[in-house]
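Q:
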Amino acid sequence: MKQNALGSSGIKVSCLGLGTMTFGEQNSEEEAFAQMDCALATGVNLFDTAEMYPVPPKENTFTISEQIVGKWIKLRKCRERIVLATKVVGPTVESRSMGSYIRDGLNHLTKKNIRAALEGSLSRLKTETIDLYQIHWPDRNVNIFGKRGFVPSENSETDNEGIPETLETLNKLREEGKVQAFGVSNETPWGVMRYLSLSEKNRWEKVASIQNPYSLLNRTFESGLAEI
35 MKQNALGSSG IKVSCLGLGT MTFGEQNSEE EAFAQMDCAL ATGVNLFDTA
85 EMYPVPPKEN TFTISEQIVG KWIKLRKCRE RIVLATKVVG PTVESRSMGS
135 YIRDGLNHLT KKNIRAALEG SLSRLKTETI DLYQIHWPDR NVNIFGKRGF
185 VPSENSETDN EGIPETLETL NKLREEGKVQ AFGVSNETPW GVMRYLSLSE
235 KNRWEKVASI QNPYSLLNRT FESGLAEI
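For the sequence shown, my numbering puts the final residue at 262, and the numbers step up evenly by one.
#1: Using only the alpha-carbon positions, how far apart do V218 and Y229 sit?
#2: In chain order, what residues of the same chain have a beta carbon less than 8 angstroms from the beta carbon of W238, not counting five sequence neighbours either side?
#3: Under three-state DSSP, which class holds F179?
#4: State the Cα-Cα distance for the pair S243 and C49, rounded to the nearest angstrom.
#5: So what's F57 in DSSP terms, helix, strand or just coil?
#6: Roughly how many angstroms lie between the CA atoms of S129 and V123, to the nearest whole one?
#7: Which whole-angstrom value is the C-beta distance of V117 and N79, which I expect to be below 8 angstroms?
#8: Assign V185 to buried or exposed, taking buried as 16 or more other Cβ atoms, counted over all protein chains shown, within 10 Å of its Cβ.
#9: With C-beta atoms as the reference, is E100 less than 8 angstroms away from Y135?
#10: Given that a residue counts as buried once 16 or more other Cβ atoms are within 10 Å of its Cβ, and exposed if not, what is N141?
#11: Is DSSP giving S43 helix, strand or coil here?
#12: Report the CB separation of D82 from G53 in whole angstroms; it is logged as a contact under 8 angstroms.
#13: Should P91 go down as buried or exposed, given a rule of 16 or more other Cβ atoms within 10 Å for buried?
#14: In terms of alpha-carbon separation, which member of I148, K105 and L159 lies closest to F67?
#15: In terms of DSSP beta bridges, what is Y167 paired with?
#16: Short of 8 angstroms in beta carbon distance, which residues of its chain neighbour L40, apart from the five on each side in sequence? Order them along the chain.
#17: Taking its Cβ as the centre, do 16 or more other Cβ atoms sit within 10 Å of M86, making it buried, or is it exposed?
#18: Measure the Cβ-Cβ separation of I169 and S155 and say whether it is below 8 angstroms.
#19: Compare the beta carbon distance of T120 and A150 with 8 angstroms and say whether it is the shorter of the two.
#20: In whole angstroms, give me the CA-to-CA distance for L259 and I178.
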């Protein structure tokens, strides 16, 4: 299968990747193993998961997708053959109850919370490093996930101070070898440019990827992010 460069990270990923957000909810462990076996056999090397998966997010299924992927990696002894991607959650955006069971509701993208999330993912995925570690959604108040009644003025004075701490933490984790590259997800053009500007200013590593919705039914990527 054709492989492409993952930004400037030096990592090569297959043109198709396998998402795992159904593992442990719509798909059983047996079905998940079958999907991953098939993907690996056909040349897919990018496997994407998240601490929040499966969806819809629930307290009794939180982290199960990562656990299934980690078990498969251990049994198949295939860690060196895959590019492993996962994500850290941001603050709750739809249901306050959803975030209450994730690190006791402490979900802002601070140094402490990002490190705690990463250590949990490393343990569940049975690995010493994450190839691509992603911010699942922004720390600030943004109009994502089909939110209705979005009010920009509800942003707090500290909302725009989160990205510097987040980016600095991701760079330190990369220096420590716990992550090889990092990316963003469900991010806005302003947010991506803020990340890039801070990287240039501080001579930090840049985000390697953007994982945003893009399909025939959702083409919002074309009205801003495509230029970046």
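Don't be surprised by glycine CBs; every beta carbon is placed ideally from N, CA and C.
A: With the given structure in hand:
#1: For V218 and Y229, the gap between their C-alpha atoms comes out near 9 angstroms.
#2: Excluding sequence positions up to five before and after W238, its CB lies within less than 8 angstroms of the CB of L201, E202, N205 and L232, all in the same chain and listed in chain order.
#3: Three-state result, F179: coil.
#4: Annotation: S243 to C49 spans about 14 angstroms, alpha carbon to alpha carbon.
#5: The answer is strand: DSSP assigns F57 an E or B state.
#6: Bear in mind that the predicted position of S129 carries a pLDDT of just 46, short of 50, making it unreliable; the figure below should be weighed with that in mind. Near 13 angstroms, if we compare the C-alpha coordinates of V123 and S129.
#7: Between V117 and N79 the beta-carbon gap is near 5 angstroms, inside 8 angstroms, which marks them as a contact.
#8: Exposed, by the Cβ-count rule.
#9: Their beta carbons are not under 8 angstroms apart, which means E100 does not touch Y135 by this criterion.
#10: It counts as buried.
#11: In the structure shown, S43 adopts coil according to DSSP, grouped into three states.
#12: So it is a contact: roughly 5 angstroms between Cβ atoms.
#13: Answer is buried; the Cβ neighbour count reaches 16.
#14: Closest option to F67, Cα to Cα, is K105.
#15: Bridge partners of Y167: T120 and F216.
#16: Cβ-Cβ distances below 8 angstroms link L40 to K46, V47, V117, L166, A215, A242 and S243 in the same chain, with the five nearest sequence neighbours on each side left out; the list follows chain order.
#17: By the neighbour-count rule (16 or more Cβ atoms within 10 Å), M86 is buried.
#18: No, the pair does not count as a contact, with Cβ atoms beyond the cut-off.
#19: Not in contact: T120 and A150 (Cβ atoms no closer than 8 angstroms).
#20: When rounded, the separation of the alpha-carbon atoms in L259 and I178 is 14 angstroms.
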